[in-house]
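**Q**
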Amino acid sequence: MCFFRKRKNKQKAQEQNETPAAVKNEQSARIDDQPIVLQQDLSQDPLRPGGPFLIQMFMKQSCALPSKERVAEVTSAHLGEVEVYFHKEDNAGIAAKDFATESEGKMVPSMLGMFSYEKPADFSLDVLTTSQFWDNRGGESIIAECSHIVGASVMMCLIDDPKKKAALLTGYTLALMELFPDCEAVLFQSSGKLLTREQILERKDDPYLFIYIGVNARFFNIQDTEDMMVDTLGMSTLFLPDVQMHFHGADHNAVINHAYNIAIYLFENGDVIDDGETVDGLNVDMKLDRNVQWRCQHEDALIQPVRLVLDVNMGEYASGKRE
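Here you go:
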C-alpha cells in the first residue's frame, strides 16, 4: 500500500463534535504544496506496549544540566518524593519513589533520565514523522536552527495503570519545561508529536495533557483512491490500543477529532470496547450522533509502526475489508 499526505485548503474544525479544547485539531496545509508519498512498511518489529517514553528538547545553544539540587527541587515539585541518584554536567538519573511498584517483594521506583549532547551534524528525522508535525508545520525549520539536544527518558517503569503512568509522564515533562526554559521545541518520540515549550505550558492544567503531548492523530490519503486514513500513535505507552479509521467521503477534521474523543474514552475507561461493540458515529452533518453506531474491533495497524489498534468501521464511510 502506498499512501501520502495530500495537501488541502484549511477548513474549520468541527466544533459540534464536543472534542475537549486540548485536542481540537485542524490538519491541513497550503494547496500549493506537493503530496508527500510514503510507503507502507509493516516489516519492522512491533511496538512493545508500555515501552519507554523518550523525548528530545531542542536548544539553540549548548546547555548543561541544572545542579543536582535544582533537579531534585523541580522534579519533586511535580512528582513527589524523588532521589537524584546520579548527576553530572551532561546526564542525570532520578528515582521517582512516589511512582514505585512492587516487584518480587520489593518496591521498585520508576527510573527517569536526562542527558545533554550536541546535535549530530547528520541529524535527521524520517519523512513519515515530519509529515505529521500538525501542531508545528514549520517544525523542521525550528529543529534546523538548533545545535543542541537535551534528551529525557522514562526507561524503567512497571506501572500498568494508564492514569497513574500518564501522571508520571506528564509530571516529568512539566518538570523538564521548568528546568530548561530555553527549549525551542520538544519531540515526543512515542507519538512523533512536535510541540513548543509554550504550547505544552498552555495545557499544563489540562486533565488530558497526556493525550495532547503523547498522542498524535495522523492523517493520510491512500494513493490513487479516494480513501483516507486517520490513526493515533502513542496510546501503547499506556498499554492501550491506538485508534484507526479507514474511510472515504467524510470530513477528515471531523474524523480526527472523533479519533481523539475515542482515545480519551479509552484513557478514562481502559481497553473496555470489545470486538463487535459500537461507538457513537458521525451523521451526514459530521456531528456526533447516538443514532449512528460504528462497529469496533481490535486489529494490527495498517500503517507503521506495527501495533494494536481499535479499528472503527465507519459504516457508509468505511473503506477497506474487515473480517
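Using my numbering, the first residue of the sequence shown is number 172, and each one after it goes up by one. Even for Gly, the Cβ is constructed at its ideal location relative to N, Cα and C.
Output yes or no for whether 8 Å exceeds the beta carbon distance between residue 441 and residue 333.
**A** Taking the C-beta atoms as reference points, residue 333 is found nearer than 8 Å to residue 441.
**Q** Which term fits residue 426, buried or exposed, when burial requires 16 or more other beta carbons within 10 angstroms of its beta carbon?
**A** buried
**Q** Any idea what DSSP makes of residue 249, helix, strand or coil?
**A** helix
**Q** Could you tell me whether the segment 477 to 493 touches the segment 411 to 425, using the rule of 3 or more Cβ pairs below 8 Å?
**A** yes
**Q** Over what stretch of residues does the alpha helix (DSSP H) that includes residue 381 continue unbroken?
**A** Here the alpha helix (DSSP H) through residue 381 covers 380 to 385.
**Q** So the candidates are 410, 229 and 218; which of them puts its Cα closest to the Cα of residue 319?
**A** The shortest C-alpha separation from residue 319 is found at 229.
**Q** So, does the segment 247 to 261 touch the segment 393 to 400, judging by three or more C-beta pairs under 8 Å?
**A** no
**Q** Once DSSP output is grouped into helix, strand and coil, what is the label at residue 230?
**A** strand
**Q** Between 453, 473 and 226, which lies nearest to residue 465 when the distance is taken from Cα to Cα?
**A** 453
**Q** Helix, strand or coil for residue 489? Go by DSSP, reduced to three states.
**A** strand
**Q** Reducing DSSP to helix, strand and coil, say where residue 294 ends up.
**A** Three-state DSSP puts residue 294 in coil, outside helix and strand.
**Q** Rounded to a whole number of angstroms, what is the C-alpha to C-alpha distance between residue 327 and residue 284?
**A** Near 10 Å, if we compare the C-alpha coordinates of residue 284 and residue 327.
**Q** Would you call residue 277 buried or exposed, if buried means 16 or more other Cβ atoms sit within 10 Å of its Cβ?
**A** exposed
**Q** I'd like the span of the alpha helix (DSSP H) that includes residue 449, first residue to last.
**A** Note, residue 449: premise wrong, no alpha helix (DSSP H); beta strand (DSSP E) at 449 to 453.
**Q** From 226, 221 and 365, pick the residue whose C-alpha is nearest to that of residue 312; which is it?
**A** Closest by alpha carbon: 365.
**Q** Using beta-carbon positions only, say whether residue 430 and residue 381 come within less than 8 Å of one another.
**A** It is not a contact, given that the beta carbons lie outside the stated cut-off.
**Q** Only counting the same chain, and skipping five residues up and downstream in sequence, which positions put a Cβ closer than 7 Å to that of residue 478?
**A** Within the same chain, Cβ atoms closer than 7 Å to the Cβ of residue 478 are found at 217, 218, 407, 413 and 472, the five residues on either side in sequence being excluded.
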